[in-house]
Amino acid sequence: MVKTFRVSQTSRHGHRTVSSALQAAGLKRKPARIEIGPGRYEEPLRVNGDVELVAADGPGTVTLYSANGPVIESRGRVQLSDLVLVGSDNDAVRCAAGTLTIERSQIQGHSGVSVHAVPQTAITLRDSLISNGRVVFAGATGLVERCELTRSSTNGIAAIEGADVLIQDSRIEDCQIHGVLASRSRVTVVGCRLTGTGNDSLSTEKQATLDIRDCHITASHQSGVTYRDQSTGLMERTVVSRSAHGVATHSGARPIVRECVFEDCHDTGINANSRGLGRFENCEVVRAGNVAVFATTGGSPAVDGCRITGGHVGIALIGGRGQFSRCEINGVTAVALRVWQESTADFTGIRVDGGAVGLDALGPGGTNAVLTDTHFRNIGRIGASILEQARVTLRGCTFHDGLGGVSAGGESQLFAYDCHIDHTQAGGAIAYGKAVFTAERLTVTQPGAYGLAGQDSAFLDVKDSEFADTRHIGITTSGSCGGQLLRCTVTGDRGSAVVHNGLVQLNDLRSSLPVTERAPEPPPEMPKWIVNYFNGPVFNAAVYNPTLHQGDLGAPAQEGPRMPDDQPQSVTNNFIGPVINSEVRNSPMFWNNNTVNFAHVEQVAPGFEEVARVVGAVLNRLGDLGLPETEQRDATQSAKEVLAEVGKPEPDRGVVRRGLNALKGVLLQLTAGLLTGANAGAVELGKDLIRELGHITL
């Protein structure tokens, strides 16, 4: 039977303090109910046994306050109802043993912790307001139901050290770090709303498990949800809006994300980076600010049935991997699919409608994309663009409408099997530079100017293909482009079947249109050469107070190249020191040195001269890009670290590579459109700098 004790600051009957009532209840050694009259009670309470503390006149009428230590420290089976609990030092409420239930109460933890459950305890929070402090479950069991948590200076709820917590139908807002943090624990969040967190709204670390269902997350300064450190979990039917990122995975985390919506995210919708994994099924990304689905720095997502609407870039990989199937990409402004910098991607059953570029593949060897049963419509410029040394395979793909079909340049390789290109305003397929274009059973219908073009030193290997209803030329080759056309068909009622340079073999070509071989173009006439060799500064304006130092590696004057007798006369000037054509004052000069001293590298180890030159040049141009402050600082630091390392007698190549990769990483973010506020023209300059860095070999 429960014994009732009454506390009142005004009545003559009962106890004047809560401590007195607790002491009396302890003597009875029975379940006790302590009814507290209205007022403010400044006393720390130690509650032991089977005890209920309740405000006699209802919620908000009783305030319990402690200036030293917890307001409530419970041991046993304790219940608190309709109270206002205010702590100013250490924990406001602490469950030291047993179970604690708090209902319809307000808890203010001004020291940073409102509620603390220690290992092997259990706390239930129901219909309560927790403000100015976090709720910590450390190796404990917890239930948070229909509560509001607000204005925590750190996390709203932290589950650590093996805790098991269920949070449902609650609101968590304005926490300075995370709304919910799961660290080496299991947390389930159901039907909650989170908004205004300073970092990630929901975050994991240290192999935690985080399950999320039917939640709504808005205005996170970082990610709505982040899984990291090999964490797992199931995220279902959740909406993330107006946050920097929708959901992110890092460092081996492997969540399953289903039927979620990521809307108006400022940066990315789905983000897998730093070796983050995960499977994303039937999700929707709407109007992502930069990239809807992004994989970088070893991130490797598997995405199935994703719908992307609007935004800048649909799916982008930069140094990442990924498998993408049954995705729809509609109305992006820039690129639908981007595969850059040694990324590998497998696209199956993708549908793209709109955008300037369908597929953008660029990077060194190892950059590889395979597209199967993928279809592009209404692409503004080019259906697929492959550059540098990238390798792309198309199987059963179609390109409908747009300026051009597919393009391969640089030293790239493009393979097309059973593909169809139609209604392009310019051409169907083009290979230029040193690219290799291999096609079997390719169909190009109604191209604007040509069906297939080979230029420069490109190589064509095209078999069993058809170029139909061409307006001008079915196939054209120029320059030193070579290769073969085997069993190809060109149809139409005007123009030419083939206009070629004589270097491409035509085997079993079928067409009623004429075939024309063009004579090779003569080399251009050798122009007059004016060659100036200035092995030192050249001044054409006033320079004041010069200090000139000549290095000890000066080379003797060398004759300029002799022109053949039958060529126009050239003018050659050789200078081994400064050439001053005007007044010079107060100007330090250095020439015949090993390195350029502008980057503050006094000496460079043999074999690293090109590294110092290129990195020094990049460092000098960083200020022209208008990078955000953080990226500017990181890029500058990386460049300086590389220059410092190559100045050592025996540089560590690993340190140099890491610095170069970090520098390229910042520039790649710029060229991918992931950095806001960059100067006009910065993207093109960034690409130039990346190419310079890409030429460095170690």
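All you need for this note's numbering is the position in the sequence shown, starting with 1, plus 168. Don't be surprised by glycine CBs; every beta carbon is placed ideally from N, CA and C.
Rounded C-alpha distance that separates residue i from residue j
{"i": "Arg361", "j": "Ala456", "result": "21 Å"}
{"i": "Ser338", "j": "Val286", "result": "22 Å"}
{"i": "Arg302", "j": "Gly833", "result": "37 Å"}
{"i": "Ser738", "j": "Asp624", "result": "Caution applies to Ser738, whose pLDDT of 42 falls short of 50 and renders its modelled position unreliable; the value that the coordinates give is listed next. Spanning the two alpha carbons is a distance of roughly 29 Å."}
{"i": "Met757", "j": "Val779", "result": "Low confidence applies here, because Met757 scores a pLDDT of 46, under 50, leaving its location unreliable and the question unanswered by this model."}
{"i": "Asp295", "j": "Thr561", "result": "58 Å"}
{"i": "Thr267", "j": "Ala235", "result": "24 Å"}
{"i": "Phe776", "j": "His389", "result": "42 Å"}
{"i": "Ile240", "j": "Asp257", "result": "12 Å"}
{"i": "Gln177", "j": "Gly217", "result": "25 Å"}
{"i": "Arg245", "j": "Gly207", "result": "25 Å"}
{"i": "Ala484", "j": "Gly366", "result": "26 Å"}
{"i": "Ser369", "j": "Leu861", "result": "38 Å"}
{"i": "Glu452", "j": "Ser371", "result": "21 Å"}
{"i": "Tyr701", "j": "Ala785", "result": "Low per-residue confidence applies at Tyr701: pLDDT is 41, beneath 50, and the placement is therefore not dependable enough to give any value."}
{"i": "Thr501", "j": "His480", "result": "5 Å"}
{"i": "Asn762", "j": "Ala576", "result": "Confidence at Asn762 is low in this model, with a pLDDT of 39, below 50, so the placement of that residue is unreliable and no value is reported for it."}
{"i": "Gly596", "j": "Asn458", "result": "29 Å"}
{"i": "Gly182", "j": "Cys263", "result": "27 Å"}
{"i": "Gln191", "j": "Asn441", "result": "58 Å"}
{"i": "His669", "j": "Glu685", "result": "The sequence given here places Asn at residue 669; His does not occur at that position. Near 6 Å, if we compare the C-alpha coordinates of Glu685 and Asn669."}
{"i": "Arg184", "j": "Glu211", "result": "12 Å"}
{"i": "Gln593", "j": "Leu653", "result": "24 Å"}
{"i": "Ser187", "j": "Leu221", "result": "11 Å"}
Residue i CB to nearest heavy atom of the ligand ADP below 6 Å
{"i": "Ala308", "result": "Looking at this structure, you won't find the ligand ADP or any other ligand, since it has none at all."}
Proximity below 7 Å, CB of residue i to CB of residue j
{"i": "Ala189", "j": "Lys171", "result": "no"}
{"i": "Ser249", "j": "Arg272", "result": "yes"}
{"i": "Ala529", "j": "Gly490", "result": "no"}
{"i": "Asp586", "j": "Gly564", "result": "yes"}
{"i": "Gly647", "j": "Phe627", "result": "no"}
{"i": "Val824", "j": "Ala807", "result": "no"}
{"i": "Arg443", "j": "Gly478", "result": "no"}
{"i": "Leu297", "j": "Ile270", "result": "no"}
{"i": "Gln509", "j": "Gly526", "result": "no"}
{"i": "Ile328", "j": "Ser353", "result": "yes"}
{"i": "Cys649", "j": "Gly622", "result": "yes"}
{"i": "Val429", "j": "Val415", "result": "no"}
{"i": "Ala513", "j": "Gly482", "result": "no"}
{"i": "Ala869", "j": "Gly499", "result": "Shown here, the chain extends from 169 to 866; a query on residue 869 therefore has no answer."}
{"i": "Ile340", "j": "Leu317", "result": "yes"}
{"i": "Gly642", "j": "Val630", "result": "no"}
{"i": "Ala387", "j": "Thr363", "result": "yes"}
{"i": "Leu793", "j": "Ala830", "result": "no"}
{"i": "Pro238", "j": "Asp225", "result": "no"}
Start and end residues, beta strand (DSSP E) containing residue i
{"i": "Arg781", "result": "Run containing Arg781: none in the beta strand (DSSP E); it sits in the alpha helix (DSSP H), Glu777 to Arg789."}
{"i": "Gly194", "result": "Careful: Gly194 lies outside any beta strand (DSSP E), inside the alpha helix (DSSP H) at Val186 to Lys196."}
{"i": "Gln336", "result": "Asp332 to Gln336"}
{"i": "Leu311", "result": "Thr309 to Glu313"}
{"i": "Ser575", "result": "Thr566 to Ala576"}
{"i": "Thr477", "result": "Arg475 to Thr477"}
{"i": "Lys808", "result": "That residue, Lys808, is in no beta strand (DSSP E); its alpha helix (DSSP H) goes Glu797 to Val814."}
{"i": "Val520", "result": "Arg519 to Asp521"}
{"i": "Tyr600", "result": "It is not in any beta strand (DSSP E) - Tyr600 carries neither H nor E in the DSSP assignment."}
{"i": "Ala584", "result": "Gln581 to Tyr585"}
{"i": "Gly217", "result": "Leu213 to Ala223"}
{"i": "Leu458", "result": "It is worth fixing the name first, because residue 458 is Asn in this sequence and not Leu. First-last for Asn458: undefined, no H or E at that position."}
{"i": "Ile385", "result": "His384 to Thr386"}
{"i": "Leu610", "result": "No beta strand (DSSP E) contains Leu610, which DSSP labels as neither H nor E."}
{"i": "Gln673", "result": "Val672 to Asn675"}
{"i": "His588", "result": "His588 to Asp590"}
{"i": "Pro532", "result": "Counting along the chain, Pro532 falls outside any beta strand (DSSP E), and DSSP gives it neither H nor E."}
{"i": "Val358", "result": "Arg354 to Val358"}
Rounded Cβ spacing between residue i and residue j (contact assumed at less than 8 Å)
{"i": "Gly660", "j": "Thr645", "result": "With a Cβ gap of about 18 Å, Gly660 and Thr645 do not count as contacting."}
{"i": "Arg174", "j": "Glu203", "result": "5 Å"}
{"i": "Glu404", "j": "Glu427", "result": "6 Å"}
{"i": "Ala867", "j": "Ile325", "result": "Beyond the ends of the chain as shown, which are 169 and 866, falls residue 867; an answer cannot be given."}
{"i": "His413", "j": "Thr377", "result": "That belief does not hold up - the Cβ atoms of His413 and Thr377 are roughly 21 Å apart, past 8 Å."}
{"i": "Thr542", "j": "Gly572", "result": "At roughly 17 Å, the Cβ-Cβ gap does not stay under 8 Å, so Thr542 and Gly572 are not in contact."}
{"i": "Thr231", "j": "Tyr209", "result": "7 Å"}
{"i": "Gly791", "j": "Val810", "result": "Incorrect: roughly 18 Å between the Cβ atoms, too far for contact."}
{"i": "Ser511", "j": "Ile486", "result": "6 Å"}
Extent of the continuous alpha helix (DSSP H) to which residue i belongs
{"i": "Gly862", "result": "Ala850 to Gly862"}
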